[in-house]
Amino acid sequence: MTNKKRIAVTISMTELFRLFPDEDTCYGWLERVRWNGRPVCPHCGGAENQGPAPSKTHPYWHRDCRKHFAVTTKTAGTRPSARSETGYTPSTLL
Ligand SMILES: [Zn+2]
0 MTNKKRIAVT ISMTELFRLF PDEDTCYGWL ERVRWNGRPV CPHCGGAENQ
50 GPAPSKTHPY WHRDCRKHFA VTTKTAGTRP SARSETGYTP STLL
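According to numbering that gives the first Met the number 0, the sequence shown is numbered sequentially starting from 0.
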């Protein structure tokens with residue numbers, strides 16, 4: 000076991016918007032952090048037999064359990080209030 004400590008970093012909203020200029024950047028970052036680049040179905044935990052789904056909100060389809068999902072499925076980001084009705088903000092996705 001390593002003895003590394005996690006260090007929290009505080010950034011401004013300006014810096015947050017610079018790092019995450021759009022939704023696609025946010026989703027890409029979340030997918031790398033949550034799945035390490037390989038989608039895992041949040042409904043059943045399966046990592047095989049997945050394909051793209053024609054939906055921006057649920058871009059993945061798991062053939063085994065026959066459900067759509069996204070990186071935010073079963074996270075706080077799935078709450079309807081997490082998506083701003085007035086426009087994109089990275090803090091709602093992160
Ligand atoms: Zn599944």
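Even glycine gets a Cβ: it sits at the ideal position worked out from N, Cα and C.
Query	Result
Per DSSP, what kind of secondary structure is F68 in: helix, strand or coil?	strand
Excluding the 5 residues flanking L29 on each side, which residues of the same chain have their C-beta closer than 6 Å to its C-beta?	V70
Got a sec: does ligand 1 put a non-hydrogen atom nearer than 7 Å to the Cβ of H42?	yes
Tell me the DSSP secondary structure of G45 in three-state form.	coil
At a cut-off of 7 Å, is H61 close to ligand 1 when judged by its beta-carbon and the heavy atoms of the ligand?	yes
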